[in-house]
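Some notes on the structure that comes next.
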Amino acid sequence: MTRRVVVTGGAGFLGSHLCEELLRRGDAVVALDNFCTGSAGNVEHLRHDPSFELREADVSLPFTVDGPVDAVLHFASPASPVDYLRMPIETLTVGSHGTLHALELAREKGARLVLASTSEVYGDPEVHPQPETYWGNVNPVGPRGVYDEAKRYAEALTLAYRQAHGVDTGIVRIFNTFGPRMRPDDGRAIPNFVRQALAGEPVTVSGDGSQTRSICYVDDLVEGVLRMLDASHPGPINIGNPYELSMRELAEWIVRIAESDSPITFIERPVDDPTVRQPDTLLAQRVLGWSPRVGIEDALKWTVGWFRDQANGAPPLSAA
Ligand code: NAD
Ligand code: UDP
1 MTRRVVVTGG AGFLGSHLCE ELLRRGDAVV ALDNFCTGSA GNVEHLRHDP SFELREADVS
61 LPFTVDGPVD AVLHFASPAS PVDYLRMPIE TLTVGSHGTL HALELAREKG ARLVLASTSE
121 VYGDPEVHPQ PETYWGNVNP VGPRGVYDEA KRYAEALTLA YRQAHGVDTG IVRIFNTFGP
181 RMRPDDGRAI PNFVRQALAG EPVTVSGDGS QTRSICYVDD LVEGVLRMLD ASHPGPINIG
241 NPYELSMREL AEWIVRIAES DSPITFIERP VDDPTVRQPD TLLAQRVLGW SPRVGIEDAL
301 KWTVGWFRDQ ANGAPPLSAA
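Residues 1 to 320, numbered by UniProt numbering, are exactly what the sequence shown covers, in order.
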């Protein structure tokens, strides 16, 4: 039977890929977005599909969706440090009020809701890799606090709705994910490095570049999130690729793939920038039967190719 799925933040990077895959699997999709960091262009190729609807809405304000809703993917939130530092109040508001409104929709409709949480709830971790049982090391009054605490609050609220109102909820903690439709200027490491390498500009590595991240291709992430949607587990469950590398290695790799002459230059490290990050994915394997499949070298090549096509004026369609 066709499900009707509401995707908040559906015109964003991850949201647009989720909409696309849900439609491919036969679901109907209502995407809600205020376009503060996403754009209608990300889902333009879906607009001819009668099962797809894009609505402009700020989910931090009360909203409702007419008709049945079987599932809610709550993905609305600025996600890149540059974006959330530019919009600190909006980030806290969408994590708190936006999550409340999405949960109210799920409650009213009897829908399962999956919250997009983040590895940032672990802060600058003192446990490595990070299992879901780790409580984290977050500075609530540091610059990143607006995002980290919004997501920590969103997790607590989601669990409270499950316990107090019996709403069927799930929480995924998403680790650094990349792929087509990231904004070239969103400020995250991969789009920055790729854009800079393709333009022949210096590639800006922060600090000495020894800090690590673990990077996941978007198709793997989408599969993990949709498995969580189809499950009944409350989470939180980490979804990410344990492939860990330093930012200096990442920059060098991207320069090589882009066949660029860009030099690497070192810039100031952001305050409270986590030193290491790697998901423990045992729970995702056990509960969802999920682990990432796409090799990082191929994924970086496709992503560089997509950014190159964009720079040459192609529409923001899928990578494949
Ligand atoms: P993105 O900025 O591309 O997408 C976020 C979308 O939410 C955008 O389309 C934006 O316009 C929309 N939005 C923001 N505030 C809104 C509001 N008040 N009302 C309606 N729409 C609103 O970012 P993304 O990388 O696709 O991230 C999507 C979600 O996944 C976010 O919740 C983010 O915290 C989470 N996440 C992403 C990553 C990652 O690596 N990409 C990692 C961890 C968590
Ligand atoms: N980073 C960098 N150069 C850039 C942008 C980011 O070296 O141009 C670093 C950033 O300081 C961090 C890492 O890359 O150490 C990952 O940053 P990103 O913003 O992609 O993700 P997050 O910090 O949210 O994990």
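For glycine and all other residues, C-beta sits at the position ideal for the given N, C-alpha and C.
At 3 residues or longer, and completely inside the region 151-210: list those beta strand (DSSP E) runs for me, N to C.
169-174 and 203-206
Inter-residue Cα distance where the pair is GLY207 and ILE254
Indexing the sequence shown from 1 puts residue 207 at position 207. Indexing the sequence shown from 1 puts residue 254 at position 254. GLY207 and ILE254: Cα-Cα distance of roughly 18 Å.
Spatial neighbours of SER232 within its chain, please: C-beta separation below 7 Å, excluding the five flanking residues on both sides.
The residue given as residue 232 occupies position 232 in the sequence shown. If we look at SER232 and ignore the five residues flanking it on each side, its Cβ neighbours are ASP168.
Apply the 10 Å Cβ neighbour rule to PRO131 and answer buried if 16 or more other Cβ atoms are within range, or exposed otherwise.
Within the sequence shown, numbered from 1, the residue matching residue 131 stands at position 131. With fewer than 16 Cβ atoms within 10 Å of its Cβ, PRO131 is classed as exposed.
At a cut-off of 8 Å, is residue 321 close to the ligand NAD when judged by its beta-carbon and the heavy atoms of the ligand?
Missing from the structure shown is residue 321; the chain here goes from 1 to 320 and no further.
Going by DSSP, what residue range makes up the beta strand (DSSP E) through ALA299?
Here residue 299 refers to the residue found at position 299 of the sequence shown. Per DSSP, ALA299 belongs to no beta strand (DSSP E); it is in the alpha helix (DSSP H), 296-311.
Could you compute how far the alpha carbon of ASN137 sits from the alpha carbon of SER260?
The residue labelled residue 137 in the question sits at position 137 within the sequence shown. The residue labelled residue 260 in the question sits at position 260 within the sequence shown. One C-alpha to the other measures close to 38 Å.
Is it a yes or a no for the region 97-104 touching the region 151-167, going by three-plus beta-carbon pairs under 8 Å?
yes
Of the residues TRP306, GLY209 and LEU113, which one's Cα is nearest the Cα of ASP230?
As a working mapping, residue 230 is identified with position 230 in the sequence shown. Closest by alpha carbon: LEU113.
Quick one: any contact between the region 267-282 and the region 240-256, if contact means 3 or more CB pairs under 8 Å?
yes
Nearest to VAL121 (by Cα), restricted to the options ARG144, THR99, LYS109 and GLY110:
Residue mapping note: residue 121 aligns to position 121 of the sequence shown, counting from 1. When each option's Cα is compared against that of VAL121, the closest is ARG144.
Segment contact, 8 Å Cβ cut-off, at least three pairs: the region 35-49 with the region 210-218
no
Coil, strand or helix - GLN278 by DSSP:
The sequence position of residue 278 within the sequence shown is 278, counting from 1. Three-state result, GLN278: coil.
Relative to the ligand UDP, is the shortest distance from any of its heavy atoms to the C-beta of residue 326 smaller than 8 Å?
Within the shown structure, residues of the chain are numbered from 1 to 320, placing residue 326 beyond reach of any answer.
Cβ of GLU120 within 8 Å of any heavy atom in the ligand UDP?
Here residue 120 refers to the residue found at position 120 of the sequence shown. Result yes, Cβ under 8 Å from the ligand UDP.
Whole angstroms are fine: how far does the CA of VAL29 sit from the CA of SER16?
For the purposes of this step, residue 16 is taken as residue 16 along the sequence shown, with counting starting at 1. For the purposes of this step, residue 29 is taken as residue 29 along the sequence shown, with counting starting at 1. When rounded, the distance between both Cα atoms is 11 Å.
From GLU90 to THR99, what distance separates their C-alpha atoms?
Locating residue 90 in the sequence shown gives position 90, where the first residue counts as 1. Locating residue 99 in the sequence shown gives position 99, where the first residue counts as 1. Answer to the nearest angstrom: the Cα atoms are 12 Å apart.
Output the residue ranges of the beta strand (DSSP E) runs that lie fully inside the region 41-86 and measure 3 residues or longer, sorted by chain position.
52-56 and 71-74
I'd like the span of the alpha helix (DSSP H) that includes LEU226, first residue to last.
Counting from 1 along the sequence shown, the entry for residue 226 is found at position 226. Its alpha helix (DSSP H) spans residues 218-230.
Proximity to ARG293 [Cα-Cα], best of GLU108, ILE190, ASP220 and GLY10
The sequence position of residue 293 within the sequence shown is 293, counting from 1. Of the candidates GLU108, ILE190, ASP220 and GLY10, the one whose C-alpha sits nearest the C-alpha of ARG293 is ASP220.
Classify HIS74 as buried or exposed, calling it buried when 16 or more other Cβ atoms lie within 10 Å of its own Cβ.
Numbered from 1 along the sequence shown, position 74 holds the residue referred to as residue 74. Counting Cβ neighbours within 10 Å, HIS74 comes out buried, since at least 16 surround it.
Less than 8 Å between the CB atoms is what I'm expecting for ILE264 and VAL205, so what's the real figure, rounded?
Counted from its first residue, the sequence shown places residue 264 at position 264. Counted from its first residue, the sequence shown places residue 205 at position 205. Correct: roughly 6 Å between the Cβ atoms.
Please report the residue range of the beta strand (DSSP E) in which LEU32 lies.
Translated into positions along the sequence shown, residue 32 becomes position 32. Note, LEU32: beta strand (DSSP E), 28-33.
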